[in-house]
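A quick write-up on the structure given underneath.
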Amino acid sequence: MVLLPDIVHFFNLPNMLVRHHPKGWKIISHYTHALLAGKIAHHLKHDVRHSHWTETLSAIINHDDNMMDFEEKNYLTDAGTPRDFMMAGGKGKDAVKHAKSLYKETLQKSQWINLLISRHIEFLYKDMPDEEMKQFLKEMHSKRKEQRKLYGINLDIEDGLYNLLRFCDRMSLILCGDEVPETERRLEINTSINEETYYIKRNDNHSFTIEPWIFNEEQFVLDFEYKILDQADFKSNKELQQCIQAARPMLQKITFQK
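Residue numbers for the sequence shown follow my numbering, beginning at 1051 and rising by one.
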């Protein structure tokens, strides 16, 4: 396939989930993972949503935005294979750049969205020894007091809202990473919404169950896009980028049953 230069120029992939596949590599963009998290949130029970649900949903969908692209970061391992985001590290100035860029963008949208995003940034980077990051986290922490006052919510409500994001984020990563065991063994998602510990498992009919059930419907279907690369290794970021651009998008559908 011949790639047009202008198409290649605008196709910048952020962090990605990489999994082995019988035909090669299965690639899922971090943006796709975040969109799936938003789709999960869309089905949550109404009584856990609180107010300003549109803003909360937006925060969940955009919580992994502003990742670095091919122009800024190496997306290959030393062996020339695609690098999964868990191998990327997220240290030093790159992490600071990502955190500040994401924070600044959401600050222009909504204080409510920014509050939840700042909680996620703190969750990701709270243990970093970088002094610039430590100072940035302190500033965000102070800003959240003003944001809670603006919307008339307390810290407990903020914690509950962020737990929605944490649940959807982790569940999406599990699904995108094909982490659920083939048998009916349960896999822990996390302890989050209403301080409950949630589990996911496969059923005999290939659907999934979440325990305890936290959704409106007793059955629903989600989907997400992925691409398959049939090339084992790559010589450069550019070659990987071009192969991902040329690959045909595919759709994975997942059914959930109570």
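The beta carbon of each residue, even a glycine, is placed where N, CA and C say it ideally should be.
Residue i vs residue j beta-carbon contact at 8 angstroms
i     : j     : result
Y1153 : M1190 : yes
A1087 : C1218 : yes
I1207 : L1094 : no
N1065 : A1084 : no
G1074 : Q1281 : yes
C1293 : I1078 : no
M1221 : I1243 : no
V1230 : F1258 : yes
Through-space distance from residue j to residue i, alpha-carbon basis
i     : j     : result
H1256 : I1090 : 18 angstroms
R1099 : N1204 : 15 angstroms
K1277 : L1174 : 27 angstroms
Q1158 : D1097 : 28 angstroms
D1254 : L1200 : 49 angstroms
K1143 : E1181 : 10 angstroms
Where residue i falls, given that 16 or more other Cβ within 10 Å makes a residue buried
i     : result
T1305 : exposed
Q1291 : buried
H1148 : buried
L1215 : buried
P1299 : exposed
N1266 : exposed
E1245 : exposed
Sequence-distant residues of the same chain with beta carbon closer than 6 angstroms to residue i, five excluded per side
i     : result
R1236 : Y1249, K1251
Own chain partners of residue i with C-beta closer than 7 angstroms, once the 5 adjacent residues on each side are dropped
i     : result
D1228 : R1069
E1270 : Residue identity differs from the one stated: residue 1270 is Phe in this sequence, not Glu. These residues qualify, in order along the chain: H1093, F1306.
Contacts around residue i, its chain only, beta-carbon distance under 8 angstroms, and the 5 residues preceding and following it disregarded
i     : result
Q1310 : Since the displayed the chain opens at 1051 and closes at 1308, residue 1310 lies outside it and no answer follows.
Residue-level contact to chain E via CB, residue i, 8 angstroms cutoff
i     : result
R1069 : Although the question refers to chain E, the structure presented lacks it and comprises just one protein chain.
Where in the stretch 1175-1254 do unbroken runs of the alpha helix (DSSP H), each at least 4 residues long, occur, reported from the N-terminal end onward? 1181-1201, 1205-1226
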